[in-house]
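In this note's numbering, the protein residues as written are 259 to 700. Built from N, CA and C at the ideal position, the CB exists for glycine as well.
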Amino acid sequence: MDAYRRIADRIADDIAAGRLRPGERLPAQRRFARRHGIAASTAERAYGELVRRGLVVGEVGRGTFVRAAAEGPAGRALIEPATTAPVNLELNYPSAPGQSELLAPALAPLLRPDVLAEALRPGPATGTAAARAAVAGLLATPGWRPDPERLLFTGNARQAIAAALASLVRPGGRVGVEELTYPLVKEIAVRLGIRLVPLATDAEGLRPEAVAAAHRTAPLSALYVQPTLHNPTSVTSGPERRRQLAHAVTELHIPVVEDRIWSFLADPAEPLAAHAPDLTHVVDGLSKRVAPGLTAGFLAVPAHRVQAVADAVRSGGWSAGRFALEAGVRWIEDGTVARLVAAKREEAARRQRLVAGHLAGFRVRSDPRACFAWWELPAPWRADTFTAAAAAHGIAVTPGPAFSVAPGRTQDAVRLGLASAVGADLERALGTLAVLARDGGG
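Put into structure tokens, the structure is as follows:
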């Protein structure tokens, strides 16, 4: 085992045993190197490994600190971390009143022995003709409808992202992403051996000139972007910004992975695929629209990319379960998904009103349609110390550094996932967090 990994393992053991506590500052890297008789580069790599594992966070001008709560092992790249906190504002799966009652009728026919036997067979990456037709209609927006023959299916949207990137980027390749991005994309990048390049954003989302500048520095193999209800900031790019971004990637010939997993909560907007159809790989799925336990991921890809992406799905073991796909098709065709979407839109708006009421006066970035909020904390709070304080009150939140791509750039912010907590628990939690923020840790 490499020396830096052995050192990182020892520090990780100290964190797990409580010898290093949440919020505690580690020695400066050069001091650590001198103390242990190792090269400064080895210390730097050990600290970097701890950051990758989610055990510490580096803050420019402050140092390196033990995270408030260690996440699970880095190998859990395609699942979200769980928590034992009574009120969980980390996980973020929307639910609607009476959801189970809505879903059950479509499952009953699948339990007939003859139908079940077919539904339990392995499914190809291309799904079935019925699935392709149903999902093409589900994903369609004014001005864009995916070709059913260009649709592929995975177990969930995270696997769809992994398959798209695996098919586009070789190990060592560079992928441009928003400077704050979906945390599991960082884990996917580690698994695939690719490098994420943070790109500047503004109130309209990803800046096209940032893409061009990064590509001039060293070619980008692909771009991963969330132009609709960006997680965690809720920013949605307008039509003109989408056209500008599509023009930029077309000029530079950069393939795009467009994550639209939250787009069902927003008014229909053309994806980048409508403007750059030969470059854009659209990712979506059922986990947010329906439920996380029985779901499928979707990929709408350019015509010349179907075989390559299908090969990546198969080699990664990311094919959709046939039973889940059959259930999803029935829920789409009988209108259940549409009814759930309408109910979840109403619920998201209600929960955003709770945020607006309880966190009035704070710097909160969100969208009335979103299921999350980005809270820029008041001084002197740091993201990790506030996360630890919230956990002490039985509330789990996600610290800003989980979304930062550039090492050492820490956001003194937390993301509040609004979807999973019971409504009354959410309201109490928001009230508690507001009092905590005003207290300032004193």
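Spatial distance of residue i from residue j (CA atoms)
i, j, result
"D625", "P371", "46 Å"
"Y305", "F661", "18 Å"
"T341", "H562", "Because T341 sits at a pLDDT of 48, beneath the cut-off of 50, its placement in the model cannot be relied upon, and the point is left open."
"E462", "A375", "49 Å"
"E467", "L478", "14 Å"
"G555", "S353", "18 Å"
"A582", "R268", "42 Å"
"L684", "L523", "20 Å"
"R640", "L438", "17 Å"
"A549", "A607", "19 Å"
"I519", "L487", "9 Å"
"P529", "D697", "43 Å"
"A332", "V483", "No answer about A332 holds up, because its pLDDT of 40 lies below 50 and its placement is not dependable."
"L442", "L454", "12 Å"
"V613", "E604", "15 Å"
"E436", "E591", "35 Å"
"G652", "L544", "30 Å"
"R325", "G312", "7 Å"
"P404", "L397", "7 Å"
heavy atom of the ligand FAD below 7 Å from residue i C-beta
i, result
"D697", "You won't find the ligand FAD in this model; it holds no ligand whatsoever."
N-terminal and C-terminal residue of the beta strand (DSSP E) that residue i is part of
i, result
"L517", "Here residue 517 is Asp; the residue named in the question, Leu, does not match the sequence. Residues V514 to D517."
"R673", "A671 to G675"
"P456", "R453 to L457"
"V435", "R432 to E436"
"A524", "No beta strand (DSSP E) holds A524; DSSP gives it neither H nor E."
Presumed contact (8 Å Cβ cut-off) between residue i and residue j, rounded CB distance
i, j, result
"G430", "G451", "6 Å"
"V515", "I419", "6 Å"
"V393", "L378", "At roughly 21 Å, the Cβ-Cβ gap does not stay under 8 Å, so V393 and L378 are not in contact."
"H473", "I512", "6 Å"
"R547", "V595", "6 Å"
"P636", "A695", "6 Å"
"C629", "A677", "4 Å"
"R264", "E307", "The Cβ separation is near 10 Å, so there is no contact."
Cβ neighbour criterion (16 or more within 10 Å) applied to residue i
i, result
"P280", "buried"
"H294", "exposed"
"P497", "exposed"
"E407", "exposed"
"R283", "exposed"
"A297", "exposed"
"H616", "buried"
Residue range of the alpha helix (DSSP H) that includes residue i
i, result
"R563", "Neither: R563 is in no alpha helix (DSSP H) and is coded neither H nor E."
"Y262", "A261 to A275"
"T508", "P497 to L510"
Residues that DSSP places opposite residue i in a beta bridge
i, result
"V541", "D517 and L557"
"I653", "V345"
"R623", "W632"
"S425", "According to DSSP, which records beta bridges pairwise, S425 is partnered with nothing at all."
Below-8 Å beta-carbon distance, residue i vs any chain C residue
i, result
"A677", "Here there is only one protein chain, and chain C is not present."
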